[in-house]
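First residue of the sequence shown? That's 11 in the working numbering, and the numbers climb one at a time after it. Where is the CB? At the ideal position from N, CA and C, for every residue including glycine.
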Amino acid sequence: MLLRRVTQHVKDQNWFAVLLDFLIVVVGVFVGIEVSNWNQARSDHNRANNYLERISTNLETDVQTYNDRMDFWKKVADYGLVSLHYADTREQTELSNWDLVLAFFQASQTAEFHMENTTYSELTSAGELGLIENIAIRNMIAKYYSAYGNFVLVEVPKYREHIRGYIPIDVQNYIWMNCYSNDKESIQVMLPCKSPISEEKAKEILSEIVAEVTLIRQLRYWVSTMNIATLISRAQILNAQQLLDLIQVELSHQEKRQ
Numbered sequence: 011m012l013l014r015r016v017t018q019h020v021k022d023q024n025w026f027a028v029l030l031d032f033l034i035v036v037v038g039v040f041v042g043i044e045v046s047n048w049n050q051a052r053s054d055h056n057r058a059n060n061y062l063e064r065i066s067t068n069l070e071t072d073v074q075t076y077n078d079r080m081d082f083w084k085k086v087a088d089y090g091l092v093s094l095h096y097a098d099t100r101e102q103t104e105l106s107n108w109d110l111v112l113a114f115f116q117a118s119q120t121a122e123f124h125m126e127n128t129t130y131s132e133l134t135s136a137g138e139l140g141l142i143e144n145i146a147i148r149n150m151i152a153k154y155y156s157a158y159g160n161f162v163l164v165e166v167p168k169y170r171e172h173i174r175g176y177i178p179i180d181v182q183n184y185i186w187m188n189c190y191s192n193d194k195e196s197i198q199v200m201l202p203c204k205s206p207i208s209e210e211k212a213k214e215i216l217s218e219i220v221a222e223v224t225l226i227r228q229l230r231y232w233v234s235t236m237n238i239a240t241l242i243s244r245a246q247i248l249n250a251q252q253l254l255d256l257i258q259v260e261l262s263h264q265e266k267r268q
């Protein structure tokens, strides 16, 4: 319809009308582009906020998991320290031979930590990290998730395999059934339990264990590694909490602007 009108105005040599039609077209195109840009900006803004909300949820999960892992690592390290004390001094204090065999075994337990990084992976793989306009938040997100591959938090020690070669399989099966539990949330618990073997048999096992110098060295390394993992986790919890605070402030500001 507009094209026919312009054609008619040209035929009539109504140049003012032609100019007016041209301005209408230009203004219409400009308004259309601006509306499209506004809609795109709003869509980007909403997606950015959605990413931030999901990252917040992931961070809260990480903090909870870090705390669980640190608690477990401390208990494993404590078993390791008891075992090392006996290996170095042969002092049992009030511990039975079975208590020490159990300590050597429980000191081999592991609890790997894996970040909940699904949202960050989606954000980076889609090339949409730039949607987050707050540079401080963007940089902190990148810094936090750069620690994802820290091997210390997922290491399985040589000691784990080595010590289990010294403890009879029936004793190990007993420990798994009676001295350990693991729920559907992968929360591990090491439990006190009665001995399934005589003190004499437990002493034989202990003698073989402490005679293996390499095994004791591996245990020292593992206890040290768990201490390092705890230090890393504490630092990451602080980073996660700072990032959570920044995100909450940003989302609050965004909500007030709407």
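Pair within 7 Å by beta-carbon distance, residue i and residue j
i: F82; j: A117; result: no
i: E126; j: D72; result: yes
i: T129; j: R174; result: no
i: V199; j: S191; result: yes
i: N77; j: E209; result: no
i: I257; j: S66; result: yes
i: G90; j: V223; result: no
i: V164; j: Q119; result: no
i: L69; j: L248; result: no
Three-way DSSP call (helix, strand, coil) for residue i in this model
i: V166; result: coil
i: V45; result: Per-residue confidence for V45 stands at a pLDDT of 47, beneath the threshold of 50, marking its modelled position as unreliable; the derived number appears in the next sentence. V45 falls in the helix class under three-state DSSP.
i: Y176; result: coil
i: A157; result: coil
i: S66; result: helix
i: Q50; result: Reliability fails at Q50, whose pLDDT of 48 lies under 50, so the model's placement of it is uncertain and the value that follows must be treated cautiously. If DSSP states are grouped into helix, strand and coil, Q50 belongs with the helices.
i: V20; result: Low confidence applies here, because V20 scores a pLDDT of 49, under 50, leaving its location unreliable and the question unanswered by this model.
i: L253; result: helix
i: V259; result: helix
When the options are compared against residue i, the one with the closest alpha-carbon
i: L110; options: S205, Q252, M236 and Q246; result: S205
i: L201; options: I173, H263, M187 and G140; result: M187
i: V162; options: E63, M80, E209 and N192; result: M80
i: Y231; options: H55, R170 and P178; result: R170
i: E218; options: I147, F114, L91 and C189; result: F114
i: H55; options: G140, I185 and I207; result: G140
i: E143; options: Y61, E214, N237 and K84; result: Y61
i: I226; options: L69, K168 and E70; result: K168
i: D98; options: I247, E138, V220 and A87; result: V220
i: Q102; options: F123, V166, A239 and K213; result: K213
i: L105; options: S243, N59 and L216; result: L216
i: I185; options: V166, E195 and I207; result: I207
i: Q74; options: S262, N183 and E195; result: E195
i: I145; options: D88, N237 and A58; result: A58
i: D88; options: V166, T235, R244 and D193; result: T235
i: I197; options: P178, F123 and E138; result: F123
i: Y176; options: I238, K211 and K84; result: K211
i: V166; options: H263, R244 and A239; result: A239
i: C189; options: P178, I179 and C203; result: C203
Integer-rounded CB distance, given that residue j should sit under 8 Å from residue i
i: L229; j: L94; result: 6 Å
i: I147; j: E260; result: 6 Å
i: Y154; j: A250; result: 7 Å
i: Q246; j: A157; result: 6 Å
i: L242; j: N160; result: Looking at the sequence provided, one finds Ile at residue 242 rather than Leu. The Cβ separation is near 6 Å, so the contact holds.
heavy atom of the ligand GDP below 6 Å from residue i C-beta
i: L216; result: The model depicted lacks the ligand GDP and carries no ligand whatsoever.
Min CB distance residue i to chain B below 7 Å
i: I179; result: Here there is only one protein chain, and chain B is not present.
| Mind pulling the alpha helix (DSSP H) runs of 4 or more residues that sit fully within the stretch 71–148? | 107–116 and 128–135
| Which ranges would you report for the beta strand (DSSP E) in the stretch 175–247 if only whole runs of at least 3 residues count? | Correct list: 190–192 and 198–200.
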